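**Student:** If you read the sequence shown in the working numbering, its first letter stands for residue 7, the second for the next number, and so on. Before we start, here is the structure in question, set down as structure tokens.
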Amino acid sequence: MQHVRTAPPPDAGGALPAGAAPPGAGAGRPRLRLIATTDLHATILPWDYFADRPAPGIGLARAAGLARRLRAAAPASLLLDNGDFLQGSPLGDLVGIGRGLAAGEVHPVIAAMNAAGYDAATIGNHEFDYGLPFLERALADARFPVVSANAALALGAGPRQDRLLLPPWVIVERALAGGAGGERPLRVGLIGFLPPQTTMWNARHLAGRLFVRDIVEAARAFVPELREAGAEVVVALAHTGIGAARHAPGMEDAALPLARLPGIDVVLAGHSHLVFPGAAFAGRPGLSVARGTIAGRPAVMAGAGGSHLGSVDVAVAAGAAGAAGAEGAGATGGAGATGGAGGWRPERGRGRARPVARRRAGGGMRAAAPACPAVSAAARPWDAEVRAALDRPAGTTRTALQSYFALVAPDPVLALVAAAQTAHVRARLAGGAAAGRAILAAVAPARAGGRGGPANYADIAAGPLTMRDVAQLFPYPNQPCALALSGAEVAEWLERAAGQFLRVRPGAQDAALIDPAFPCHNFDVVHGLGYTIDLARPARYDAEGRLVEPGSRRVGAITLAGRPLDPAEAVILVTSDYRAAGGGGFPGAGAARRVVLAGPPTCREVLAAHLARAGPVESSPVEVWRFAPMPGTTVVFDSGPGALAHLPAPGGRAIAPAGDGEGGFRRFRLAL
Ligand code: MN
Ligand code: MG
7 MQHVRTAPPP DAGGALPAGA APPGAGAGRP RLRLIATTDL HATILPWDYF
57 ADRPAPGIGL ARAAGLARRL RAAAPASLLL DNGDFLQGSP LGDLVGIGRG
107 LAAGEVHPVI AAMNAAGYDA ATIGNHEFDY GLPFLERALA DARFPVVSAN
157 AALALGAGPR QDRLLLPPWV IVERALAGGA GGERPLRVGL IGFLPPQTTM
207 WNARHLAGRL FVRDIVEAAR AFVPELREAG AEVVVALAHT GIGAARHAPG
257 MEDAALPLAR LPGIDVVLAG HSHLVFPGAA FAGRPGLSVA RGTIAGRPAV
307 MAGAGGSHLG SVDVAVAAGA AGAAGAEGAG ATGGAGATGG AGGWRPERGR
357 GRARPVARRR AGGGMRAAAP ACPAVSAAAR PWDAEVRAAL DRPAGTTRTA
407 LQSYFALVAP DPVLALVAAA QTAHVRARLA GGAAAGRAIL AAVAPARAGG
457 RGGPANYADI AAGPLTMRDV AQLFPYPNQP CALALSGAEV AEWLERAAGQ
507 FLRVRPGAQD AALIDPAFPC HNFDVVHGLG YTIDLARPAR YDAEGRLVEP
557 GSRRVGAITL AGRPLDPAEA VILVTSDYRA AGGGGFPGAG AARRVVLAGP
607 PTCREVLAAH LARAGPVESS PVEVWRFAPM PGTTVVFDSG PGALAHLPAP
657 GGRAIAPAGD GEGGFRRFRL AL
């Protein structure tokens with residue numbers, strides 16, 4: 007196997023300095039420092055391209071500057087990335103959709119990662135957003151190995167018989183001073199994983215071309231192989247979140263069952279854009295926020311966009327291999343895993359997540375380290391081009407386009423996107439078999455606070471628009487997709503979306519309204535219909551889309567063109583290719599036979615074309631749905647401080663400010 011590499015760290019000599027304390031003497035113990043980023047989403051410079059202003063809390067340049075500091079303080083270190091690095095910013099889209107890569111040109115994210123001195127990386131689900139050939143072209147210039155044990159071009163009888171897209175793992179060596187005063191290489195095994203849902207989310211690029219196995223299944227097959235090849239410390243580069251403790255086949259967030267597998271010493275998690283260790287995980291079974299461990303194994307999840315840098319320090323001792331964690335330590339399943347004299351074994355470790363910038367007491371942000379100039383330099387030549395592309399005019403709006411109340415009231419952004427999508431599909435279907443059917447548009451807010459924070463809203467003033475605004479209104483590289491559904495199926499779709507809200511007891515005062523586990527991008531509002539949502543009833547589907555209350559229906563009074571929706575009526579539902587392929591687990595989606603229209607252009611191009619064609623738009627929010635009245639009942643929800651400028655809320659909702667929320671949010675009260 008050609009998976010073994012020996013590379014010295016760029017900033018450190020690789021060995022403990024002369025005169026360092028021998029192993030067992032506290033701070034001088036031999037240790038390995040793993041430094042991790044995840045979900046960079048093509049964010050290099052500390053700049054918010056959507057808002058066109060500095061964003062000190064993000065970007066690989068700052069994270070790499072901090073990484074350089076952490077590496078200088080550690081004799082043996084590795085810089086690793088956990089995937090989702092190519093897509094997710096206007097820079098990523100410019101390269102991936104806008105103009106591609108010229109011959110000899112290096113993808114700016116890869117150039118930045120090369121400059122940062124990455125030792126290895128794995129891929130995330132979003133690496134496939136621009137198709138397989140683009141990914142392979144971009145990765146060809148990486149000066150670090152990229153591994154993935156469960157992404158296959160063809161499946162075999164078992165994981166080890168699969169024809170993999172990339173090497174499943176790599177072993178990297180680091181010189182380390184040993185107890186006898188000598189220097190012996192520590193062999194670090196790095197193995198990558200991504201969620202099996204990847205093929206569904208990117209079905210338009212991947213159907214029949216890529217197959218992704220269950221994460222735990224692939225780990226069970228390849229970790230022993232990695233041990234047999236001589237890895238003394240095994241690190242999972244796991245593009246997966248921290249979810250259920252029990253393994254379920256095909257699970258998306260598999261960090262916990264993965265950490266429990268014998269032979270895995272460290273878990274670098276990601277994908278869900280959260281921070282571990284962090285307060286959000288306090289008290290969860292199997293996790294220790296104080297010790298930075300998942301199932302006893304040192305672990306970290308470093309936020310997103312370069313917001314955090316993860317580090318895991320692993321103390322190693324001379325001797326046979328074992329597990330770094332306290333829980334489940336012991337045999338690692340690796341026959342011949344070095345053993346005896348000359349080997350290393352991990353003893354214990356701890357994960358930490360450091361923000362790249364912290365909020366100062368008086369406002370403003372203080373960077374944890376200066377940006378790495380070489381990383382910034384990799385993005386600079388593209389920066390002007392990205393801004394010029396975003397500065398291009400894109401029509402005019404007579405009304406503000408903001409999403410502060412998108413989860414609770416009629417929303418002008420959703421209304422505009424729905425109008426553009428409906429017009430596009432109507433034109434495409436004209437004259438065809440489906441021409442006579444009602445066209446409905448299911449659109450969900452892309453930006454509505456949540457994990458993205460109090461600035462994560464669309465906020466565009468009336469006036470001329472640019473492509474920057476269009477990118478803000480539709481940040482994903484999805485394409486529209488039209489499905490043939492029955493009225494009954496659409497009603498079920500609405501129930502899935504209505505899981506956005508917690509159940510509210512009639513008469514309650516200031517009850518919490520929004521289920522924080524339910525991402526806003528699954529709150530589909532179906533334009534073309536009218537309906538009510540009754541909060542007194544339990545949600546029929548939970549946040550993951552499971553049918554949990556088959557006897558309950560929250561959505562009522564569904565009308566189409568002023569008359570009750572006939573469950574048997576054949577309608578066209580416009581959504582995205584992501585949703586149509588099963589993203590979000592909407593009932594009725596995921597079946598190719600229902601697709602009546604798919605393919606380019608992207609939703610964003612559809613929106614831009616609509617703005618160019620329609621003349622000045624006036625997106626008065628359309629009242630699609632309302633809460634069923636609950637007299638004497640109030641609920642509270644959070645929105646950004648910018649929401650205050652847009653009261654009274656659209657649609658005549660009785661919304662009033664109710665003080666400060668947490669983390670910079672403002673709280674609002676809604677009378678039902
Ligand atoms: Mn991501
Ligand atoms: Mg991901």
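Built from N, CA and C at the ideal position, the CB exists for glycine as well. Fair warning: this is a prediction, and the values are worked out from it, not measured in the lab.
Please report the residue range of the beta strand (DSSP E) in which R2 lies.
**Tutor:** This structure cannot settle anything about residue 2, because the visible part of the chain is limited to 7 through 678.
**Student:** Please confirm whether any heavy atom of the ligand MG lies closer than 7 Å to the CB of H132.
**Tutor:** It does: the Cβ of H132 is within 7 Å (strictly closer) of some heavy atom of the ligand MG.
**Student:** Relative to the C-alpha of P486, which residue among D583, R559, V602 and E498 is closest?
**Tutor:** Residue D583 is the option with its Cα nearest to P486.
**Student:** Please determine whether the Cβ atom of H245 lies at a distance below 7 Å from any heavy atom of the ligand MG.
**Tutor:** Checking the Cβ of H245 against the ligand MG gives yes.
**Student:** Nearest-angstrom Cα distance between T639 and Y547?
**Tutor:** One C-alpha to the other measures close to 23 Å.
**Student:** Can you tell me whether D99 is buried or exposed? The criterion is at least 16 other CB atoms within 10 Å of its CB, across all chains shown.
**Tutor:** Looking at its Cβ environment, which holds 16 or more other Cβ atoms inside 10 Å, D99 is buried.
**Student:** Which residues are close to the ligand MN, meaning CB closer than 5 Å to any heavy atom, in chain order?
**Tutor:** Residues with a Cβ closer than 5 Å to any heavy atom of the ligand MN, in chain order: D45 and D90.
**Student:** Decide if P606 is buried, meaning its Cβ has at least 16 other Cβ atoms within 10 Å, or exposed.
**Tutor:** Its Cβ having fewer than 16 others within 10 Å, P606 is exposed.
**Student:** Looking at the ligand MG, does it come within less than 7 Å of H277, judged from the CB to the closest heavy atom?
**Tutor:** Yes, Cβ of H277 sits closer than 7 Å to a heavy atom of the ligand MG.
**Student:** Any chance the stretch 657 to 675 sits against the stretch 572 to 587, with 3 or more Cβ pairs inside 8 Å?
**Tutor:** Too few Cβ pairs lie closer than 8 Å, so no.
**Student:** From what residue to what residue does the beta strand (DSSP E) around T640 run?
**Tutor:** Segment T640 to S645, the beta strand (DSSP E) holding T640.
**Student:** Just checking, does the stretch 650 to 662 make contact with the stretch 405 to 412 on the three C-beta pairs under 8 Å criterion?
**Tutor:** As far as the Cβ criterion goes, the stretch 650 to 662 touches the stretch 405 to 412, which means the pair count is three or higher.
**Student:** Give every residue of the same chain whose Cβ lies closer than 6 Å to the Cβ of P361, excluding the five residues on either side of it in the sequence, and list them in chain order.
**Tutor:** Within the same chain, P361 has close Cβ partners H314.
**Student:** Within 10 angstroms of its Cβ, does T205 collect 16 or more other Cβ (buried), or is it exposed?
**Tutor:** Classification of T205: buried, given that the 10 Å Cβ count is 16 or more.
**Student:** Say whether the stretch 193 to 209 touches the stretch 153 to 173, bearing in mind that this needs 3 or more beta-carbon pairs closer than 8 Å, one atom from each stretch.
**Tutor:** Result yes; three or more Cβ-Cβ pairs closer than 8 Å.
**Student:** When the Cα atoms are used, what is the spatial distance from V306 to W207?
**Tutor:** C-alpha separation (whole angstroms): 25 Å.
**Student:** Just how far apart, CA to CA, sit G256 and V612?
**Tutor:** Using only the alpha carbons, I get a separation of about 34 Å.
**Student:** Please check the pair R443 and L603, which I expect to be a contact at CB under 8 Å, by giving their CB distance rounded to whole angstroms.
**Tutor:** Actually they are not in contact, since the Cβ atoms of R443 and L603 sit about 12 Å apart, beyond 8 Å.
**Student:** Around the Cβ of D397, are there at least 16 other Cβ atoms within 10 angstroms (buried) or fewer (exposed)?
**Tutor:** Classification for D397: exposed.
**Student:** Going by DSSP, what residue range makes up the alpha helix (DSSP H) through E611?
**Tutor:** Unbroken alpha helix (DSSP H) run through E611: C609 to A620.
**Student:** Alpha carbons only, please: which of A614, V630 and G588 is nearest the one belonging to I564?
**Tutor:** The shortest Cα separation from I564 among A614, V630 and G588 belongs to V630.
**Student:** By DSSP, does S382 sit in helix, in strand, or in coil?
**Tutor:** Residue state, collapsed to three classes: helix.
**Student:** Determine, using beta carbons only, whether I50 and V115 come nearer to each other than 8 Å.
**Tutor:** A contact, by the Cβ cut-off of 8 Å.
**Student:** Between which two residues does the beta strand (DSSP E) harbouring R672 extend?
**Tutor:** First-last of the beta strand (DSSP E) with R672: R672 to A677.
**Student:** Of all the options G123, A477 and A163, which has the alpha carbon lying nearest to the alpha carbon of P151?
**Tutor:** The option with the nearest alpha carbon to P151 is G123.
**Student:** Look up D87 in the DSSP assignment and say whether it is helix, strand or coil.
**Tutor:** Here D87 sits in strand by DSSP.
**Student:** With D319 as the anchor, note down where its alpha helix (DSSP H) starts and where it stops.
**Tutor:** Where D319 is concerned, there is no enclosing alpha helix (DSSP H), although the beta strand (DSSP E) it sits in stretches over H314 to A324.
**Student:** Do the stretch 224 to 235 and the stretch 175 to 182 make contact, defined as three or more Cβ pairs closer than 8 Å?
**Tutor:** A contact exists between the stretch 224 to 235 and the stretch 175 to 182.
**Student:** Where do the N-terminal and C-terminal ends of the alpha helix (DSSP H) with L212 fall, by residue?
**Tutor:** Taken as a continuous stretch (DSSP letters only), the alpha helix (DSSP H) holding L212 covers A209 to L212.
**Student:** To the nearest angstrom, how far is the alpha carbon of W350 from that of G309?
**Tutor:** Going from the Cα of W350 to the Cα of G309 covers about 31 Å.
**Student:** Could you tell me the distance, in whole angstroms, from the CA atom of G658 to the CA atom of Y463?
**Tutor:** Each residue's alpha carbon lies about 21 Å from the other.
**Student:** Out of A82, R75, S83 and P96, which one is the CA nearest neighbour of E391?
**Tutor:** For E391, the nearest C-alpha among the options comes from P96.
**Student:** Taking just the CA atoms, how far does G195 sit from V688?
**Tutor:** The structure shown does not extend to residue 688, since the chain is modelled only from 7 through 678, so no value can be given for it.
**Student:** Measure the C-alpha to C-alpha separation of L500 and V531 and round it to an integer number of angstroms.
**Tutor:** Straight-line Cα distance between these residues: approximately 8 Å.
**Student:** What is the DSSP secondary structure of N64, reduced to helix, strand or coil?
**Tutor:** It should be pointed out that residue 64 corresponds to Ile in this sequence rather than to Asn. Residue state, collapsed to three classes: coil.
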